[in-house]
Each structure stands twice: as structure tokens, then as C-alpha cells.
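Structure first, commentary second.
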Amino acid sequence: MRPRPPINGRGIFSGTGLIITGLTATLLAMVFPIWSYADRSGTGLDVLNAQTVSTEYGPLSALDRDFLTKVRLAGLWELPAGQQAQQKGTTPAVRTAGEHLIEGHAFLDERVRDVAAKLSLELPNEPTEQQRGWLDTLDSAQSVEYDRQFANILRLAHGKVFSVVAQVRANTRNSLVRELAEDANTTVLDHIKVLEATGYVDYDAMVQDMVEDSTPPITTPPAPPGPTTDPAPAAPMTPTPSPTYSLPPPAQPEVS
């Protein structure tokens, strides 16, 4: 029988060392990406903190400021759209929807201007190019076609902003923005209901449009808090208190 070679103590410890070294390297490879990602600029939390400013009413995020801009912009084109609907609408339901738009956005416009003034934020005084295009479409439409265009354009716009309002209400840490989001939620939902009550909303086309263009219209980011001048009013009218309405009966659209 051949004698067994002597056990090399250094070999055992050397092999154990290689195993420990390999396990350590594996652990570091798993931990490093997590640590480096958390420390890297450009992550969601980093961006949120970088774009959030402090106010006496709580932190004001970029989403909060964009929400204020969108509320103002909505009034800049939906107020004249509502006034037009009262004149050109061929059914009582369409004219009633126009009345709701006027009263609701007059109320919201006063609220958003007050909030912006307290937060020293600038607001736009002109609707966007897309919103002007919607008004041009309504200007050229007549009779039943006007009713149909009015109901669908406004319903689509309200559907898009409704999700933004919900997101702001759920996430804002600013008390003024939170209260405004609650008022906007009530108003926008009321407008959605009265527009649907006209009987002209094409739900299939609306869903298709929402799928194809799920991103809200791009707006110019508002300036951070600082010395500003109060923006001009959207329309010379006296807003009413927070509106509550009863819905009109659905109208049957005429066959064109």
C-alpha cells in the first residue's frame, strides 16, 4: 500500500480563503448596485427633492406647480367654450353644460389665482396652442355637429385632467394645493357628468384617443416661488361659491 501524502495545512487554509473571498465578492456585487443607485443623482427621489421648494404651507413639488398651471389653463379656454355653448347649443342639455363650465371655472380660476399669489407663482394668461385649436374647431362647427364636437372635445379634456387632479390630491404635501385639488375634483367630475348627459359623447372614440395620447398636453413649467405680479383675470365675472348642481336629463342626439 502506498503511503498517503502528508496533509498540507496551508493548502486547506488557502482553499478556505478562496471560498471566503468568492463569497465576499459575490455579496459586494449584490450590494454595490443598490448602494450606488441610491447615491446616484437622477433617481426619482433625487429629482423630487431637487424640484421641491419649501413654503409656509408645506413643500411645493414640480407636480404641484404644474397642477396650478393646468387649472389656470383650463379656465382660459373652457370659460369661453361654455359661453359659446350657451349661444350655439341646440339642446337644453348642451346649454346647461355650458353654464356649468362657466360657473365652475370662474370659481376655480379665482381659487387658483389666490393660491398662486400666496405661493408667489406666475400663471399663464393665454391658452395653449392645442386649446386654441379646440376653440377654433368649435367656432367653425354648427348645429348638431357643434353639439357633438362640444361634448366630445370637452369630455376628453376633462377625462385627462381628472387623473392629474387625483394624483395631486393623493401625493401633495402642500395644504393650499390639497384644498384646491379637492375643489377641482368636485368641479371636474360635475363637468364630466353634465357633458355625458348631453347624449353626444362617443365613448369608443374617446377611449381610443386616450390610449393613443395618454400623456397630458405639455405646459410651460411655472416659475419657482419669487417676486411676481398678479396675473390678469381670465374673464370679468363674479365667481360663485363652490358649485353643486343637479344633472339635466340626457338628451337624445338627432340623427344627422
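Start counting the sequence shown at 102; every next residue gets the next number (my numbering). Ideal Cβ placement from N, Cα and C applies to all residues, glycine included. In this text the structure is predicted, and so the values were computed from the model without any measurement.
| task | Could you check what DSSP says for L202 in three-state terms: helix, strand or coil? | result | Walking along the sequence shown from the start, residue 202 turns up at place 101. Residue state, collapsed to three classes: helix.
| said: How far does the alpha helix (DSSP H) with V245 in it extend, from its first residue to its last? | reply: Your numbering for residue 245 matches position 144 in the sequence shown. V245 -> alpha helix (DSSP H) spans S244 to N272.
| field | Element boundaries [alpha helix (DSSP H), containing S241] | value | Position 140 of the sequence shown holds residue 241. Residues E230 to S241.
| Can the beta-carbon of D180 be found less than 7 Å from the beta-carbon of H206? | Reading the sequence shown from its first residue, position 79 is the one you call residue 180. Reading the sequence shown from its first residue, position 105 is the one you call residue 206. In the sequence as displayed, the identity of residue 180 is Leu instead of Asp. Taking 7 Å as the Cβ cut-off, L180 and H206 qualify as a contacting pair.
| Shortest alpha-carbon distance to T309 belongs to which of L277, N253 and L296? | Within the sequence shown, the letter at position 208 stands for residue 309. One point to set straight first is that residue 309 is Gln, not Thr, in the sequence displayed. Here the closest residue by C-alpha is N253.
| query | For the alpha helix (DSSP H) that contains E179, what are its first and last residues? | reply | Stepping through the sequence shown from its first residue, residue 179 is reached at position 78. Counting along the chain, the alpha helix (DSSP H) containing E179 begins and ends at A163 to K189.
| said: Quick check: what's the CA-CA separation for V154 versus A163? | reply: Position 53 of the sequence shown holds residue 154. Position 62 of the sequence shown holds residue 163. Approximately 9 Å, taken between the alpha carbons.
| task | Run the CB neighbour count on P193, radius 10 Å, all protein chains shown included, and call it buried at 16 or more, exposed below. | result | Working through the sequence shown from its first residue, we reach residue 193 at position 92. P193 is exposed by the Cβ-count criterion.
| query | Quick check: the segment 281-298 against the segment 228-242, are there 3 or more CB pairs under 8 Å? | reply | no
| message | Is it buried or exposed, D165, if we count other Cβ atoms within 10 angstroms and call 16 or more buried? | response | Working through the sequence shown from its first residue, we reach residue 165 at position 64. Classification of D165: buried, given that the 10 Å Cβ count is 16 or more.
| Among L296, V265 and L224, which one has its Cα closest to the Cα of V195? | On the sequence shown, position 94 is the one that residue 195 refers to. Of L296, V265 and L224, the residue nearest in Cα terms is L296.
| request: Take the Cβ of Y247 as the centre, count every other Cβ of all protein chains shown within 10 Å, and call the residue buried at 16 or more, exposed below. | output: Sequence index remark: in the sequence shown, residue 247 carries index 146 (1-based). Answer is buried; the Cβ neighbour count reaches 16.
| request: With A282 as the anchor, note down where its alpha helix (DSSP H) starts and where it stops. | output: Numbered from its first residue, the sequence shown carries residue 282 at position 181. Counting along the chain, the alpha helix (DSSP H) containing A282 begins and ends at S276 to E297.
| request: Label L277 either buried or exposed according to how many other C-beta atoms from any shown protein chain fall within 10 Å of its C-beta, with 16 as the threshold for buried. | output: Taking the sequence shown and counting its residues from 1, one reaches residue 277 at position 176. L277 comes out buried.
| Rounded separation between F208 and N286 - CA only | Position 107 of the sequence shown, counted from the first residue, corresponds to residue 208. Position 185 of the sequence shown, counted from the first residue, corresponds to residue 286. Whole-angstrom Cα-Cα distance: 13 Å.
| message | For V172 and D215, I'd like the C-alpha separation in whole angstroms. | response | Along the sequence shown, read from residue 1 onward, the residue named residue 172 stands at position 71. Along the sequence shown, read from residue 1 onward, the residue named residue 215 stands at position 114. Cα to Cα, V172 sits roughly 12 Å from D215.
| query | Does the distance from the C-beta atom of T225 to that of W178 stay below 7 Å? | reply | Your numbering for residue 225 matches position 124 in the sequence shown. Your numbering for residue 178 matches position 77 in the sequence shown. Per the sequence shown, the amino acid found at residue 225 is Pro instead of Thr. No; because the gap between Cβ atoms is not below 7 Å, this pair is not in contact.
| Proximal residues to G183 (C-beta, below 6 Å), its chain only, five neighbours per side dropped | The count along the sequence shown starts at 1 and reaches residue 183 at position 82. Closer than 6 Å at the Cβ level, and outside the excluded window around G183, lie G199, L202 and I203.
| What separation, rounded to the nearest whole angstrom, lies between the Cα atoms of I293 and L239? | One-based indexing of the sequence shown puts residue 293 at position 192. One-based indexing of the sequence shown puts residue 239 at position 138. Distance between the alpha carbons of I293 and L239 is about 18 Å.
| request: Answer yes or no: do A217 and L255 have a C-beta to C-beta separation smaller than 7 Å? | output: Along the sequence shown, read from residue 1 onward, the residue named residue 217 stands at position 116. Along the sequence shown, read from residue 1 onward, the residue named residue 255 stands at position 154. In this structure, L255 does not lie closer than 7 Å to A217 by Cβ.
| message | Distance check for V265 and Q152, CA to CA, integer angstroms please. | response | Numbered from its first residue, the sequence shown carries residue 152 at position 51. Numbered from its first residue, the sequence shown carries residue 265 at position 164. Cα to Cα, the separation comes out at about 18 Å.
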